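Chemist: Chains as they are written, first to last, in the working numbering: chain A, 27 to 354; chain B, 746 to 1070; chain C, 6 to 862.
Here a beta-carbon is modelled for each residue, glycine too, at the ideal position from N, C-alpha and C.
In this text, all values refer to a predicted model and were calculated from it rather than measured experimentally.
Just passing along the structure, written as C-alpha cells.
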Amino acid sequence: MNLRRFLRPELLLLAALGLELAVFSQTATNFLSATNALEIVRQGTEIGLLALALTPVILTGGIDLSVGSLLGLCAVVFGKLWRDAHFPPALAGACTLGLGALGGRLNALLITELRIPPLIVTLGSFSLFRGIAEGLTGGVENYTGFPSSFLFLGQGYVFGFIPAQLPLVLVAAAAVWLLVHRTVYGRAFRAIGFAPEGARYAGIPVASRLTLVYVLSGLLSAVAALTYVAHLGQAKADAGTGYELLAITAVVLGGASIFGGVGSVHGTILGVTVLAVLRNGLILSDQPSELTGILTGGLLLAVLIVEAVLKKLPSWTAGRFKRSGSSP
Amino acid sequence: MKRFASFLLALVLVLAFAGCKKEKEFTIAFMPKSKGNSFFIACRKGADEAAKELNVKLLWDGPTEPGAAKQNEIIETWITRGVNAIAVACENKEGIAPALRKAREKGIKVITYDSDSATDARDFFCNQATPEAIGTTLIEEAVKAMGTEGEYAIITASLTASNMNEWQKQIAAVNAAKYPNLKMVALRPCDDLKDKAFAEATALINANPNLKLIMAICSPAVPGAAEAVKQAGKVGQIKVVGLGLPNENKRFVKEGVTQAVILWKVGDLGYLAVQAANAATKGELKPGATTFKAGRLGELKVEGSDIILGQPFVFTKENIDQFDF
Amino acid sequence: MPPPLLQLHSITKSFEAVRALRGVSFSLHAGEVHALLGENGAGKSTLIKVITGAHAPDGGTLKIRGEEHTHLTPRMAQQLGIACIYQQPALFPDLSVAENIALALEPPAPWRLVRRGARMARARELMTRVGAQIDPTTEVGRLSMPEQQLVEIAKALGAGARILIMDEPTASLTQQEERLLLALIRELRTAGVGIIYISHRLDEIFQIADRVTVLRDGESVGTYPIGEINEAGLIHAMVGREMTTIYPPASAPPREVVLSVQQLGCASAGVREVSFDVRAGEVFGLSGLVGAGRTELARVLFGLTPAECGAIILNGRPVGIASPEEAVAHGIAYVPEDRRRHGVILPMTITANSSLAILSRLFPRRWMRAAPERALAADFIRDLRIKAASSEAPGASLSGGNQQKVAIARWLATKPKVLILDEPTQGVDIGAKAEIHGIIRRLAADGLAIILISSELPEILGMSDRIGVMRGGKLTVVFTAAEATAPSLMAAALGQEPQAGDAAAPPAPPHRGLCGPLAAIAPAQAKAAEQRRTAAWSAQSSVRRGGASGAFREWSVAAALAVLLAVLAVLAPRFFTAAQLVPLLTAAAPALLAAAGASLVILTRQIDISIGSQFAWCSVLAGLAAAQGWPLPAVCAVAVAVGVGLGAINGLLVAGLQLPSIVVTLASMVTLREALRWWREGEMVRDLPSTFQWFGLSQTTGQWTTIAISAACFGLLALALGRVAGGRFLYAVGSDAEAARLAGLRPRVVTFGAFAAAGGLTGLAALLNAVRFTDVDPKSGQGLEMQAIAAAVVGGIAIAGGRGKLWGVLPGLLILTIIGPALVFTHTPPQWERALQGAIILLAVGADGWRNREKTA
C-alpha cells in the first residue's frame, strides 16, 4: 500500500529525470550548465505550451489533435496579416490569438453541440486547419523579415542570458497551473473528466466549461505559433507538424489519464522536461536523433506498464491475504 | 515530504556522477536536410572520406523528418556542445538563419552545402549548383527529351519545400523566356513518398491526354513517376526527367523510361563541405579567397563566398552504369 | 436423495470497504423455487454474482450438483446450466434481439458460421414463449426496460438452464406479462429446473415459492419453507424489527408556498400537465410506480430536461429553468436516484464532492482556498455523521449510506429553498436510513420545502406531510398525510378505485399495504409501460450511443461518393478510363485492408494509430525476404506474420495490462518508426527479383490479382463480421465489455484478437502495396493510420465501439482517395486538398451528430 502511494507518476518521472541527469552528465558534453538548462527551456517552449494547452483538455477526458495544425494556421495568418495587410506585429499578434481562440471554439462547438467525440472532431480539424494554412499560402509562401523587436520574443535574451521565452513560459505555466489547481474551473474539469453526467447533475455548466478548455487550447496554440515564428524568423504552412503527438506524449508521461479526471500541470511540466532533457542530452552525447524517438516511445510505455503493475499489486496481495485469512 | 526526499536523492545521485565533460577533439558537425534521405546518405560517404583524411571527428545528425524547427534545435544544441564547425544543408533559407548566426557569434565556422541559408548566416556555401542552375538544367533536359512545345507536369515533394519552390521559379522563368510553346499543366505534391508519386503521376497521365513529360523534382518521385509511365504503357510517349540518385533510377534509365536524371556528384559535395569546414576553422580558407584547394578535388574557384564545385551532372543511359550511389 | 443442485456454504465477499457477504449459506434443489428476500443492499445481487461466476468469493465453498468449484467463471457457470436474469439487463445495446439471444446461447467458439435464419426463428419462438411482441431484428438499445427484461428471460429459457436465477424479473412487467411469466416458472419447475427467485412482492413469493431465504446486511437470517412463515414474519426477518414508529414525527406546521408548479409539461421526458405546491417546512411525497414520471418530473424541475410548457413559480415569481445551473441559482437542489453515477463523483474526495455544487458561491472570485472547503466538509461530516477515514477519502471508499449523505451534503451546501430527494434511502443500510430520515425532518423544520420521491410506501407515508401520486406522467391525486394509506396510494398509482379493480388486474390484496418496503414495486399497467417506451427510453438510447444509426451513414457516404463521381463524370469524363481506374483501385486496395484493420480495432472500442509504422516494417521485411530470394509464399508469410506479431504486442499491452490503446499505440508508432529509420536510413530495398513484382504475373493480371485479393479479403471480412460468431464478438465487446463477460465471452481475448488481426491485415496490405513496384520504400505507410482511421470514421464505424458496418468503410475510403485525382482532373490547384479532406471528415460526422440531435430534441 505504501509502496503504491510512494511510487506516484511524478516520482517515477523524477526518477527518470534523475537517471537522465546522471547518465548525460557522464556521456554528454557541456550538459550540466546553466546555459544548457536555459537552452532546454528555449527549445521546449512550443511543445511545452501545447502540452500546457492539452492538460486541461485531457483532464476533461477529451483530446485535441488539432493543436499542431492550428499552430501552423496561426503562424501563416500572422505572417499574412503582418506582410500583406501591413498590420503592426502587435495587432497581427492579437488577431492571431483571436484566430486561435476561434479555432478552439469551432472544436468546442462540434463537441458540445453535436456531441461528437473530441477525438473525431479534432482529427477532422487537424486536417482542416493544416489544409487552410496550405490553401492560404499555396504551401509556398514563406513570410520572413519580421522586425527585430518581434523576433526578440523568440531569439532574444533578457539581461543577456535569460531567453525571452522563459518569462513567457513561466507566466503561461503559472496561469494554467492556477487555473487547474487553484480555481473552481479546474475542479470542474476534473469532475467532467471523471463523470460527465455526474458533473451535469452537480449543476456544473459542462458545455461552457468544455468550451473554455478547447478555446484555451486554441489560444495557447496561437501563443506557441507566435513564439515559433519569432524563434525561426519565418512563418510557413508546415509549422508545428507532428507537435500534437509530442505534446500528448508529454502530458500522458506527466501522469494524466487519457480517460480524464487525473493529471496535473506540474506533472505535465515534468513530462515536458523529461522529454526535452532526453532530446538535448542525446544530441550532446552525439547520439542519432532516431534514438530520441525510440526512447520517447519506450519511456512512455515503461511508465505506463510500471504504473499498471503497481496498481494491480496491492489489490492482488490484499486479495490473497484475505482469502487465506478466511479459511478455517 | 517523501516527494522532497526522493528529489534530494536524485540530486545527490546526479552530483555523485557529476563532473563536466569538455570536448577537446576537433569536431565538425554535418547536418542533412533530413535523415533517411538517400541523397544525403550519399553525401555522408564523401564527408566521412574527408573526415578520415583530415583526421577530424565527424558528427552526423539531423531531423528525421524535414523541418526548419528541428534543424534549428539540433544546431543550437551543437552550439552548447561546442563543435568547431558546422556544415548544413538548409531546409529553409530563413528558418535556420538565426541559429546559424548565433553559431557564428560563438566563433563556430558555418558552411552550407546543397542549399544555402541567408548569406550573412554562414561563412561559405559549397555551390555545386545554384537554384538557377538546377532549374535551368531541368528545363533544358526536359526540352531535350520532349522538344520545344507541348505539355508537361511537375511532381514535387511538398508544397512547402522551399528549395523546390525556388527551382520551380527558375523553371517557370526559363520556360516563359525561352520556350513560349512549352506549357506546365499541373504541379502535384507527393509527400516525399514514392508510392504517392506513383499515384499522382498516374492521375496526371490520364487527366492530361497531351502530356509529353513528367518532371520529378524530388528523389522518390523519379522512380515513382517512371513506374507510373511504365505501368500505363506510355514508355516513349511520355518522358520522365528528374532530380534523383543513379541507383534508384538505373533500371528505368536503361529501359528508356527515364530520359535523364540530374544530380551533382553528391559524394564530392559532402567531401567538399567537410574540407571547407576544416579549412575555414583552421584559417586556411579566409573570406576574400579566390581559390580553395580541396583535397582530392584539387583547386576550386571561390566566387564571393561561394565555393564553386561545378554544374549539375546529368546521368543518362550512356553514363549511369559508371556510378554507384 | 440426490445432492442439491446448488449448495453454498459460508460464502464471504468484500468490496474495498464494504463487506457484502458475511458467511452466507444457501441451497437449491431440482424442481424447487427458492425465493431470496432482503432489502436493497442486503447482499442478494452479490450472492447471485458469486453463483454465476461473475464475482469470485473471498471465502466459503460452492458446490454444483455435489461437485465443488473454486474458480467458477461466467462461461463455466453457463456450461453447468446456470442462467441468470439480472436486474440491470446484461444486454448489448447495439445488437439486435436475436443476436443478443444467440450470443448467450451459442457456444463461445469464434470460428463458426452464424445461421441467421435459425437465430431468427429461435428468437421468435422464445419471444412468443415469454409472451412478448418484439421483432427480433430490433436493436436492444431501442427497447424499453421491461422489454429488455423479457429478452433476458427469453435468453435464460433458451439456454435450457438447470439453475435459473431471476432477480426481480417482474419489477417492470405488465400484469399480463407477469402472469405469463409465473406460468412459465411453474412449467420449468415441473421440468426439474431449480429456480432462485428474487422479488420484493410478497404475494408473488407466496404464490410460487417453495422455500424462502432472507438475507440481511450480508448475512443469512434464516431459510423457511413457505408454509411455515407469514408475511409479518418475513418482514420482521428482513428489517430485523417491527415496522412501526421508526419515522420521526413532523414538528412545525408548514408555512408559505415556496414552489408552485402549474401545468408543467415536457413531452419528450414524459411529464404531462403537472400542478402542485410545496410549502416551506413541508415534505411533499411523490409516489407512483417505477417509470410513472416522478424522476422525470424532478429532472424537469432541475433543468436537466427543461420544461416545454407550464410554469414554475418560486416564492411567487415565475422562473425559467433551462439548465441545472439555473436551477441551482434559483435555489432548487436535486439529489438524484443513481447515486454512483450521478449523485457522487466516486474518485473525488468527500471535500470536493460536498463543495462541487457551490464552488462559485464559496469562491466568488473563482480562486479556491482549502480552508473554507475543508470547513464545509468537516461541518457536514459532523452534522450528517458521515463515516469516513478522513474528509480526503474518495467517495468510492464509502458505504452506500455514507455516499448518499455526501450527495445530500453537496446540496445542503447550496442552501436550497427546495430540495428534491430521489429515492434517498435506496440501497442504504437500516441505520443510515434512519439517520437520513432524521436529516430530512430536521431540514423541513429549518424551513426547507422538500420533495421526496420514494418507492417505499412506509417511507413516503411516514415522512410526508402531503403525498402526490403520479401515473403515466401525470400527477393524478394529492393526499394529505392523514388521508393517505398504503392501499389508497397503491390504488392511485395503478389507476384503480381502492377496492374495485378491473377484470385484468386482481384487486390489490390488503396485505400489500402492510408489507412495507416490498409493496413499492407493484405491477405496472400496460399504459405506464407504453408511456415509458415511447418517452424516456427510446429517446435516451439514441442519445446515449451518439453513433451512426441504422444504415443512414453507409447510404449517405455512398451517396456522397456517387455525387463526387457524377461531378467527375461531367467535368472530367477521362477519369473513367481503365488506364486511370485500374491503377487507382490497385493503389486503394492496400489502404482498404488497412482501413478494415483499423475498423476491427475501433469496433472493440479501441484505437490503433501505429498502423502506418507496422505497414513500413512489414513492407521492408517482406522486401528483404524477397531480395534474399525467398520463395513468394514465404515472403507473403513474412509480411503477414510481422504484422500479426506487431499487432499482438499492442494487443497484449492493451488487453493484458488494460492500458489505454491510444497511448500504447502512440508509443509503438513512434518507437517502430524511428527504429526503422535508424536501421534502414531511408534506403530503399532495391533490385527485387522479377518474381516479386505483381507476384511474377503480367502487369494487368497482377493489378487485377491485387484488387481481387483485397476485395476478397475485405468482402470476406465484412461477411465474417456479420456471419461468423467471432465477428459478432467484436461488436459485443465494443458494445458492452461487462455484458460480454457475463455472456461467457472473454473480452480481453477478443480485444487482443482484434489488434492481432488488424496487424495481419496491415501486413497483407503492405505486401499488396509492395508488389506494385520493383523497390520497397521504407517510408511507405507514412500517414496511413490517419487515412485508415478517417476512412473508418467517415464510413460510419462509431469511435465509441460496437457500431457500424464494414461495408461503409469502402465508400469512405474511396471518397478520401479520389479527392486527390479529382483535383488533378479538374485542374484545381493542389493546396486545398488537405482542407477538403478535413472538411469531409467533419461534415460526415457533423451530419450524423446533427441528425441525432434533431431526432432527440
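Grab the span of the alpha helix (DSSP H) containing N926(B) for me, first residue to last.
Modeler: Run containing N926(B): none; DSSP gives neither H nor E here.
Chemist: How many angstroms separate the CA atom of A486(C) from the CA atom of G199(C)?
Modeler: Between A486(C) and G199(C), the C-alpha separation is close to 44 Å.
Chemist: Are the segment 803–822 of chain C and the segment 634–641 of chain C touching, with three or more C-beta to C-beta distances below 8 Å?
Modeler: The segment 803–822 of chain C is not in contact with the segment 634–641 of chain C.
Chemist: Looking only at C-alpha atoms, which of K939(B), T1061(B), L1008(B) and G978(B) sits nearest to M689(C)?
Modeler: Here the closest residue by C-alpha is K939(B).
Chemist: Mind listing which residues of the segment 263–275 of chain C have their C-beta closer than 7 Å to chain B's C-betas, in chain order?
Modeler: Listed by position, the residues of the segment 263–275 of chain C near chain B (Cβ gap below 7 Å) amount to none.
Chemist: For L75(A), collect the residues of the same chain with a Cβ closer than 8 Å to its Cβ; drop the 5 residues on either side in sequence, then sort them by chain order.
Modeler: Only V195, A198, L246, S247, V249, A250 and T253 meet the Cβ criterion.
Chemist: So, at 7 Å on beta carbons, what are the nonlocal neighbours of T881(B) in its own chain, with the 5 sequence-adjacent residues on each side left out?
Modeler: Result list for T881(B): Q915 and V919, in chain order.
Chemist: Does the distance from the CB of L108(C) to the CB of A601(C) come in under 7 Å?
Modeler: No, these two residues do not count as a Cβ contact at 7 Å.
Chemist: Verify the CB distance criterion: does R141(A) have a CB-CB separation below 7 Å to chain C?
Modeler: Judged by the 7 Å Cβ criterion, R141(A) is in contact with chain C.
Chemist: Considering only C-alpha positions, which residue in the set L330(A), G323(A), A334(A) and L162(A) is nearest to L671(C)?
Modeler: Nearest C-alpha to L671(C): G323(A).
Chemist: Residues of chain C with CB under 9 Å from S783(B), in chain order?
Modeler: E686, G687, E688 and M689, listed in chain order.
Chemist: Hey, is the segment 214–225 of chain A in contact with the segment 57–64 of chain A, meaning 3+ C-beta pairs nearer than 8 Å?
Modeler: No: fewer than three Cβ pairs fall under 8 Å.
Chemist: How big is the Cα-Cα spacing for I465(C) and L330(A)?
Modeler: Using only the alpha carbons, I get a separation of about 50 Å.
Chemist: Tell me the start and end of each unbroken alpha helix (DSSP H) in the segment 93–178 of chain A that is at least 4 residues and wholly inside, in chain order.
Modeler: With a minimum length of 4 residues, the continuous alpha helix (DSSP H) runs that stay inside the segment 93–178 of chain A are 93–109, 115–139 and 144–163.
Chemist: State the beta-bridge partners of K68(C) as determined by DSSP.
Modeler: DSSP lists Q12(C) and E73(C) as partners of K68(C).
Chemist: Does the CB of V910(B) have a neighbour CB from chain A at under 7 Å?
Modeler: The sequence given here places Asn at residue 910(B); Val does not occur at that position. With 7 Å as the cut-off, N910(B) counts as an interface residue toward chain A.
Chemist: Kindly list the residues whose CB is nearer than 6 Å to the CB of G219(A), restricted to its own chain and excluding five residues on each side of it in sequence; keep chain order.
Modeler: So the qualifying residues of the chain are L85, T86, G87, G286 and G287.
Chemist: What residues are listed by DSSP as bridge partners for N872(B)?
Modeler: Per DSSP, I1053(B).
Chemist: Quick one: residues in its chain with C-beta nearer than 7 Å to the C-beta of S283(A), no 5 flanking neighbours on either side, listed in chain order?
Modeler: Result list for S283(A): G289, in chain order.
Chemist: Taking the alpha-carbon positions, what's the L11(C) to T78(C) distance?
Modeler: So the alpha carbons of these two residues sit roughly 16 Å apart.
Chemist: Is the segment 1014–1031 of chain B touching the segment 706–718 of chain C, taking contact as three or more C-beta pairs under 8 Å?
Modeler: With a cut-off of 8 Å, the segment 706–718 of chain C and the segment 1014–1031 of chain B do not count as touching, because too few Cβ pairs lie within range.
Chemist: Kindly indicate if chain C contains any beta-carbon less than 7 Å away from that of I962(B).
Modeler: Taking Cβ atoms only, chain C never reaches closer than 7 Å to I962(B), which makes this a no.
Chemist: Using alpha carbons as the reference points, say which of E316(A), N306(A), V335(A) and T299(A) lies closest to A41(A).
Modeler: Measuring from the Cα of A41(A), the nearest candidate turns out to be T299(A).
Chemist: Check whether the Cβ atoms of A449(C) and G286(C) lie closer than 7 Å to each other.
Modeler: The answer is yes: Cβ separation under 7 Å.
Chemist: Three-state secondary structure (DSSP) at D1069(B)?
Modeler: Note: D1069(B) maps to coil in three-state DSSP.
Chemist: Since I believe A952(B) is in contact with A577(C) (beta carbons under 8 Å), could you give me their beta-carbon distance rounded to a whole number of angstroms?
Modeler: Indeed they touch by this definition, with Cβ atoms about 7 Å apart.
Chemist: How is M909(B) classed by DSSP in three states: helix, strand or coil?
Modeler: Residue state, collapsed to three classes: helix.
Chemist: Roughly how many angstroms separate the alpha carbons of L193(C) and K54(C), rounded to a whole number?
Modeler: Cα to Cα, the separation comes out at about 22 Å.
Chemist: What does L841(C) touch in chain A if you count any residue whose Cβ is under 8 Å from its own?
Modeler: Here the neighbours are G157.
Chemist: Nearest to E167(A) by alpha carbon, out of A866(B), A878(B), V888(B) and G840(B)?
Modeler: Comparing Cα-Cα distances from E167(A) to each of A866(B), A878(B), V888(B) and G840(B), the minimum goes to G840(B).
Chemist: With a cut-off of 7 Å, does the C-beta of T17(C) fall near any C-beta of chain B?
Modeler: It does not: the Cβ of T17(C) has no partner Cβ on chain B nearer than 7 Å.
Chemist: So for Q663(C), helix, strand or coil by DSSP?
Modeler: Here Q663(C) sits in coil by DSSP.
Chemist: I'd like the ranges of any beta strand (DSSP E) spanning at least 3 consecutive residues and lying wholly in the segment 456–506 of chain C.
Modeler: For the segment 456–506 of chain C, whole beta strand (DSSP E) runs of length 3 or above, ordered along the chain, are 471–476 and 479–485.
Chemist: Which residues share a DSSP beta bridge with I87(C)?
Modeler: Note: I87(C) sits in a beta bridge opposite I168(C).
Chemist: From this set, G764(C), L626(C), P230(C) and G800(C), which residue's C-alpha is nearest N655(C)'s C-alpha?
Modeler: Answer by Cα proximity: G764(C).
Chemist: Strictly under 7 Å for the Cβ-Cβ distance: is E1048(B) near chain C by that measure?
Modeler: Output row for E1048(B): interface = no.
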